[in-house]
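Trainee: Pasting a structure below so you can have a look.
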Amino acid sequence: MALVRKLTASSSSAAHDGINPGKIKVQMIRVWKGDKNESGNSVDMVLLDSSGTNIHATIGEAYSKWIQDIGGATINESNRENIEIDVLEDLMIADCKDPIKTLVKKIYGESFPGSYNPGFFQGKAILCSTNEDVNQINDYMLSQISGEETVCLSADSISPLNSHPSDYMRYPPELLNSIKAPGLPNHCLRLKVGVPVILLQDIMPNHGLCNGTRLQITRLGGFALGARILTGARIGEEVIIPRIPTHPTDENFPIKMQRKQFPLAVSFAMTINKNEGQPLSKIGIYQPRRVLPHGPMYVAVSKGKTRDGLKVLITNKDGKPNEETSDVVFKEVGVSED
């Protein structure tokens with residue numbers, strides 16, 4: 002695998018299921034022996050993602066060997082349509098009545114419904130490959146959090162400068178409210194005090210409020226929210242998040258519209274690419290399909306530190322955990338070696 006075989010190797014993946022083409026390149030590797038308090042070796046890596054963000058990862062030797070197996074398939078078997086990789090048995094969640102509930106407990110523990118300490122949510126996330134799966138887990142976890150729920154609805158409109166009079170008939174408010182597109186927060190945002198969220202666009206990058214920053218809601222209001230920064234150089238700082246105008250980032254979007262909303266999304270669970278640059282001590286990977294996007298899976302497991310911090314939930318068409326780990330298929334999508 003590139004991570005240990007040579008310092009300049011890289012792996013890439015083509016677009017799949019809404020995830021943009023990306024590349025992970027090794028910047029630096031160190032391997033050292035464990036001291037008297039540690040067993041085995043550790044591997045220290047600095048990775049560079051497609052946006053230029055450095056991702057620092059320190060992982061145990063056994064866990065790195067499994068990542069090597071996945072990465073080796075990425076580089077050495079790029080001409081195969083499907084790649085079969087054994088998922089380590091102790092990483093799989095199997096034989097449980099409620100798979101999502103079990104995954105949540107494995108990553109967030111039994112006490113998460115009443116946890117307001119910001120440190121509790123740092124370094125923990127459940128990663129999915131689609132927004133649909135993210136919403137399913139976030140809705141479940143939000144329902145378990147104590148406290149009163151506030152529903153924040155956006156104000157959607159068509160831009161008067163770039164529209165035709167007929168657009169107002171073709172795109173009534175109800176239709177605009179239903180639109181989900183890159184660059185737009187959801188029309189309906191459900192929040193509670195204590196819930197972790199992720200910022201969906203830059204607000205004040207110099208003050209730590211940039212796209213991808215995780216925060217924790219501290220106060221709820223109709224026109225502004227109070228939050229505490231959970232990631233980056235300004236961890237612990239209290240900030241105000243206002244409602245702001247947002248627009249679809251796709252230049253080919255059929256209409257010019259504006260959505261005034263808090264630029265946030267609940268972040269108990271996130272898409273794999275949304276977690277760029279954030280190392281995690283506990284990772285849950287939720288994949289309700291046996292055919293997995295190979296590139297995103299490789300990126301997800303590379304963000305963990307040890308195998309103890311990773312759990313994988315793969316369900317079949319009936320929503321039951323898949324207990325057969327030896328034939329889980331990782332879909333190859335145009336991966337090649339530079």
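Quick note on numbering: this note's numbering labels position 256 of the sequence shown as 257, and the sequence is numbered without any gaps. No residue lacks a Cβ here, since even glycine has one placed at the ideal position from N, Cα and C.
Short check: CB of residue 204 to CB of residue 265, under 8 Å?
Mentor: Cβ atoms of residue 204 and residue 265: not closer than 8 Å.
Trainee: What are the uninterrupted segments assigned as alpha helix (DSSP H) that are 4 or more residues long and contained completely in the region 125 to 191, given in chain order?
Mentor: Counting whole runs of 4 or more residues, the region 125 to 191 contains the alpha helix (DSSP H) stretches 132 to 145, 168 to 171 and 174 to 179.
Trainee: From the DSSP output, read off the bridge partner residues of residue 288.
Mentor: DSSP lists 315 as partners of residue 288.
Trainee: Going by DSSP in three states, residue 103 sits in which element: helix, strand or coil?
Mentor: Residue state, collapsed to three classes: helix.
Trainee: DSSP on residue 221, reduced to helix/strand/coil?
Mentor: In the structure shown, residue 221 sits in coil (DSSP, three-state: anything other than H, G, I, E or B).
Trainee: Do the CB positions of residue 143 and residue 196 come within less than 8 Å of each other?
Mentor: Yes; because the gap between Cβ atoms is below 8 Å, this pair is in contact.
Trainee: Under 8 Å: do the region 232 to 240 and the region 166 to 177 share three or more Cβ pairs, one atom per stretch?
Mentor: The region 232 to 240 is not in contact with the region 166 to 177.
Trainee: For residue 131, tell me which candidate among 209, 259, 181 and 120 has the shortest Cα-Cα distance.
Mentor: Considering only alpha carbons, the answer is 181.
Trainee: Along the beta strand (DSSP E) that carries residue 246, what are the first and last residues, could you check?
Mentor: Looking at the DSSP string, the run of the beta strand (DSSP E) that includes residue 246 is 245 to 247.
Trainee: Among the candidates 289, 317, 321 and 282, whose CA atom is the shortest distance from the CA of residue 311?
Mentor: Measuring from the Cα of residue 311, the nearest candidate turns out to be 282.
Trainee: Which residues mark the beginning and the end of the alpha helix (DSSP H) in which residue 119 is found?
Mentor: Note, residue 119: alpha helix (DSSP H), 119 to 122.
Trainee: Which same chain residues, not among the five before or five after residue 151, have their C-beta less than 6 Å away from its C-beta?
Mentor: Cβ within range, chain order: 192 and 221.
Trainee: What three-state label does DSSP hand residue 92 in the structure shown?
Mentor: Reduced to three states, the DSSP call for residue 92 is helix.
Trainee: What separation, rounded to the nearest whole angstrom, lies between the Cα atoms of residue 239 and residue 113?
Mentor: Taking the straight line joining both Cα atoms gives about 22 Å.
Trainee: Tell me whether residue 197 sits in a helix, a strand or coil according to DSSP, three-state version.
Mentor: Note: residue 197 maps to strand in three-state DSSP.
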